[in-house]
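>
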Amino acid sequence: MLRELIFLNGQETRVTANLAAALRSLQGDSEQVFWIDAICINQEDIAERNSQVTLMHAIYSRADKVLAYVGEELGGDKEAADFICRLARGPASEVKQALWADLEPGSATTRAMKSAAEFFRRPYWSRVWVQQEMVLARDLVFAWGAINIDLDTVERYLHATMAVRPSEHELDLDSQLLIEDLFDSTTMFAYVLQFRYRPQTGPDFKTSIVRLFDWGRSLKATDPRDVLYGMLGLFPEPEGTVVVPDYNKSVVDALVEFVSAVARRYGQLLVDGTGGIGRSLQIQPVLGWPSWVPAIENSGRKIPPAHWLARWSAGAGGSREAVTEFLDSGRALRARGIVVDVVEDQQLPPEGGDIYHGSFWDLVFKDQRRCHPSGVSRAQAFLRTLIGDHSNAAVVDGNTRAQAARDLASCAYGFVLSTLQMKLERPHSRFIDLCSMLTADSNVETRDIFEILTSKGRHVSIFLWKTGAVDHIIDTLEGSGLERSKTEHLKSMSEDFLLKGLTGETIRLSAERNGYYPEQCLRTFLARTFYYSKTGLFVTPQGYIGNGPPGTQKGDLICVLLGGRAPLIIRPVENHFVVVGDCYVHGVMAGEIVAKLDRGEGELQDFIFY
Numbered sequence: 001m002l003r004e005l006i007f008l009n010g011q012e013t014r015v016t017a018n019l020a021a022a023l024r025s026l027q028g029d030s031e032q033v034f035w036i037d038a039i040c041i042n043q044e045d046i047a048e049r050n051s052q053v054t055l056m057h058a059i060y061s062r063a064d065k066v067l068a069y070v071g072e073e074l075g076g077d078k079e080a081a082d083f084i085c086r087l088a089r090g091p092a093s094e095v096k097q098a099l100w101a102d103l104e105p106g107s108a109t110t111r112a113m114k115s116a117a118e119f120f121r122r123p124y125w126s127r128v129w130v131q132q133e134m135v136l137a138r139d140l141v142f143a144w145g146a147i148n149i150d151l152d153t154v155e156r157y158l159h160a161t162m163a164v165r166p167s168e169h170e171l172d173l174d175s176q177l178l179i180e181d182l183f184d185s186t187t188m189f190a191y192v193l194q195f196r197y198r199p200q201t202g203p204d205f206k207t208s209i210v211r212l213f214d215w216g217r218s219l220k221a222t223d224p225r226d227v228l229y230g231m232l233g234l235f236p237e238p239e240g241t242v243v244v245p246d247y248n249k250s251v252v253d254a255l256v257e258f259v260s261a262v263a264r265r266y267g268q269l270l271v272d273g274t275g276g277i278g279r280s281l282q283i284q285p286v287l288g289w290p291s292w293v294p295a296i297e298n299s300g301r302k303i304p305p306a307h308w309l310a311r312w313s314a315g316a317g318g319s320r321e322a323v324t325e326f327l328d329s330g331r332a333l334r335a336r337g338i339v340v341d342v343v344e345d346q347q348l349p350p351e352g353g354d355i356y357h358g359s360f361w362d363l364v365f366k367d368q369r370r371c372h373p374s375g376v377s378r379a380q381a382f383l384r385t386l387i388g389d390h391s392n393a394a395v396v397d398g399n400t401r402a403q404a405a406r407d408l409a410s411c412a413y414g415f416v417l418s419t420l421q422m423k424l425e426r427p428h429s430r431f432i433d434l435c436s437m438l439t440a441d442s443n444v445e446t447r448d449i450f451e452i453l454t455s456k457g458r459h460v461s462i463f464l465w466k467t468g469a470v471d472h473i474i475d476t477l478e479g480s481g482l483e484r485s486k487t488e489h490l491k492s493m494s495e496d497f498l499l500k501g502l503t504g505e506t507i508r509l510s511a512e513r514n515g516y517y518p519e520q521c522l523r524t525f526l527a528r529t530f531y532y533s534k535t536g537l538f539v540t541p542q543g544y545i546g547n548g549p550p551g552t553q554k555g556d557l558i559c560v561l562l563g564g565r566a567p568l569i570i571r572p573v574e575n576h577f578v579v580v581g582d583c584y585v586h587g588v589m590a591g592e593i594v595a596k597l598d599r600g601e602g603e604l605q606d607f608i609f610y
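Residue 189 in UniProt numbering sits at position 189 of the sequence shown; the count goes up by one each step and never skips.
Take a look at the structure:
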């Protein structure tokens, strides 16, 4: 809100409290000249706003110096600034050793780390119109209060936070979590920074513009159209003028124009389901908002929590370009794609969002199907669906894929630990049969085998009970001749059943072997599954398991559109379709369905969406 008065050319002018604070902190004895967008652009003149937004790239990239005002100085900020400079200066090995030596609760280093983490969580980093500063400025200085730190120092600090992260059991859990929090606090800054060094023209741009659009929607903006035009301002012409800023257009008209232009020029389809009719049971569809048009925060279409990471990394449409036509004055979209399957049944989480109430397990394993269409066990597909796994994503680089695989291993162990917390009434009947089979040729009684697996390998027995994997294990063991000890073989088989093929290397359900703290694995797994408190789980006749919007209904179709990323839940209505929302379906996220088309399997069809 414009609530503070300043004098501008001798005239009183109202500005925001944040801008007034910035001017006071920058005030010096000599005359200084600043270009400040909130003042230099007449915010009430739409024609001027349109023209000036187009010039943003040139203004920020040509400026001699850009001062980014982060906010007023608060208690602990001096410690935070000293800590940032300290980490940025020293060699990684020395910084790591010195840092780890002083991580006791209440120590100076611990206080400084917490202050630094709080600094990177300030509202400044999440505003749309500051992204140009970080991406385009040649000489950028961050200022808050009397503190100034240049971009180079902050970048080196960012790399240092990566270097000081511990591995395996190098530190106690509290210290490890403290350092992880320090690293996590820089995520927002680190993500936008990559666009500073990414090619801003050429073939890579089509990937950049899609990701930037997703990124922009997580940022804060007074006007939803600022998200669209602000992100485009990060690119020079011709990419920066994919659409010409026009604040006379409604939000939905601006988005329709943008989706159309990106599909036409780059073959990318930005129909991501966020504007679908089933994304929330509490929010009614906005009148005049086509279900296929993507939503932006505070545009009237609230975006509920979703597996943003999985959707961000998805490549369900493969490398094929979108085939589209915009009808009915832009209110309808004709797009080409393929139907994957149909929703057979869906389960919403119980009150409170406890996914281990048992309802999800019953839904996934009720028919005891042994294999998922992707070829992995249903237990593994269930795990991947719960966490929105993206380790096989089509658009991640090698390092990201490796990190995703490590995260998946951690979540697998957390999955097992969380399973242990479930209340079980009785063991699976086939598990008792399995124990009997294991004791058939020995002096060990069934109850002894049962006790061994329950006390020393509880994750194995409970995993078998709950997932119905017993039939698979029995069949395999009967054909194996039990070459090693029976219980060890059983343990190995169940681990392979859950984890085989995740990373190309052997992973075991053991915190000691994997170098993970059990508490941290459990925390990571539960954090990744938290979004299920707002969404549901569905199954299909072919055996797919998916996470979809709460408004999903039996009979809805799962489809993949060419040029799109995430699969969509769609619903036939008379002679057209409406988008219900996006979904996560393991075995579909990385272009597998389009690959079948390339092999002559399946059939493309045109869908008309309203």
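Quick reminder that beta carbons are idealized off the backbone N, C-alpha and C, glycines included.
Do you know offhand how far residue 326's Cα is from residue 260's?
Distance between the alpha carbons of residue 326 and residue 260: 7 Å.
> Sort 295, 133, 340, 333 by Cα distance to residue 316 and report the nearest one.
Of the listed residues, the one whose Cα sits closest to residue 316 is 340.
> Which runs of the alpha helix (DSSP H), 4 residues or longer, sit entirely within the segment 529–602?
As far as the segment 529–602 is concerned, its whole alpha helix (DSSP H) runs of at least 4 residues are 592–598.
> Taking only runs of the beta strand (DSSP E) that begin and end inside the segment 105–181, which ones reach a length of at least 3 residues, in chain order?
Complete beta strand (DSSP E) runs here, min 3: 140–144, 147–150.
> Alpha carbon to alpha carbon, what distance is there between residue 179 and residue 511?
Caution is warranted here: a pLDDT of 44 is assigned to residue 511, below 50, making its placement in the model unreliable, and no coordinate value can be reported.
> Which value, in whole angstroms, describes the spacing of the CA atoms of residue 109 and residue 224?
Their backbone Cα atoms lie some 41 Å apart in a straight line.
> According to DSSP, simplified to helix, strand and coil, what is residue 346?
Strand.
> Could you tell me which of 563, 407, 564, 541 sits nearest to residue 554, measuring between CA atoms?
Of the listed residues, the one whose Cα sits closest to residue 554 is 541.
> I'd like to check one pair, residue 57 with residue 235: are the Cβ atoms closer than 8 Å?
It is a contact, given that the beta carbons lie within the stated cut-off.
> Under 8 Å by Cβ, that's how I've got residue 276 and residue 549 pegged, so tell me the actual separation to the nearest angstrom.
Indeed, because the Cβ distance is near 6 Å, the residues count as touching under 8 Å.
> Which whole-angstrom value describes the C-beta separation of residue 580 and residue 551, a residue pair presumed to lie in contact below a C-beta threshold of 8 Å?
Residue 580 to residue 551, Cβ: 6 Å. Contact.
> Buried or exposed for residue 668, please, with buried defined as at least 16 other CB atoms from any protein chain shown within 10 angstroms of its CB.
Not covered by the structure: residue 668. The range shown for the chain is 1 to 610.
> What residues in its chain sit with their C-beta under 6 Å from that of residue 389, if we drop five residues either side in the sequence?
Closer than 6 Å at the Cβ level, and outside the excluded window around residue 389, lie 408.
> Could you give the distance in angstroms between the alpha-carbon of residue 536 and the alpha-carbon of residue 21?
Near 46 Å, if we compare the C-alpha coordinates of residue 21 and residue 536.
> Label residue 191 either buried or exposed according to how many other C-beta atoms from any shown protein chain fall within 10 Å of its C-beta, with 16 as the threshold for buried.
By the 10 Å Cβ count, residue 191 comes out exposed.
> To the nearest angstrom, how far is the alpha carbon of residue 616 from that of residue 256?
Only positions 1 to 610 of the chain appear in this structure, which leaves residue 616 out of reach.
> Residues in the same chain with beta-carbon distance under 6 Å from residue 80, minus the five sequence neighbours each way, listed in chain order, please.
These residues qualify, in order along the chain: 115, 116, 119.
> Alpha carbon to alpha carbon, what distance is there between residue 520 and residue 173?
Those two C-alpha atoms are separated by around 8 Å.
> Helix, strand or coil for residue 69? Go by DSSP, reduced to three states.
Correct three-state label for residue 69: strand.
> Can you tell me whether residue 314 is helix, strand or coil according to DSSP?
Of the three classes helix, strand and coil, the one that applies to residue 314 here is coil, per DSSP.
> Checking contacts by CB at 8 Å: is residue 160 closer than that to chain C?
Here there is only one protein chain, and chain C is not present.
> When you compare only the Cα positions, how much space is there between residue 372 and residue 570?
Spanning the two alpha carbons is a distance of roughly 22 Å.
> Along the chain, where does the beta strand (DSSP E) containing residue 15 start, and where does it finish?
Per DSSP, residue 15 belongs to the beta strand (DSSP E) from 11–16.
> Confirm, please, whether the CB-CB distance from residue 127 to residue 220 is below 8 Å.
Yes, the pair counts as a contact, with Cβ atoms nearer than the cut-off.
> Give the straight-line distance between the Cα atoms of residue 19 and residue 71, rounded to the nearest whole angstrom.
The straight-line gap from Cα to Cα measures roughly 9 Å.
> By Cβ distance below 6 Å, which residues in the same chain neighbour residue 143 in space, the five residues on each side in sequence not counted?
So the list reads 67, 69, once near-sequence residues are dropped.
> When we look at the beta-carbon of residue 335 and count the other beta-carbons within 10 Å, is it buried (16 or more) or exposed?
By the neighbour-count rule (16 or more Cβ atoms within 10 Å), residue 335 is buried.
> With DSSP as the reference, identify every bridge partner of residue 371, one or two as the case may be.
Paired residues: 377.
> With a threshold of 16 other CB atoms inside 10 Å of the CB of residue 135, please say whether the residue is buried or exposed.
So residue 135 ends up on the buried side.
> Checking the sheet assignment: what are the DSSP bridge partners for residue 524?
Note: residue 524 sits in no beta bridge, so no partner.
> How many angstroms separate the CA atom of residue 164 from the CA atom of residue 247?
Distance between the alpha carbons of residue 164 and residue 247 is about 46 Å.
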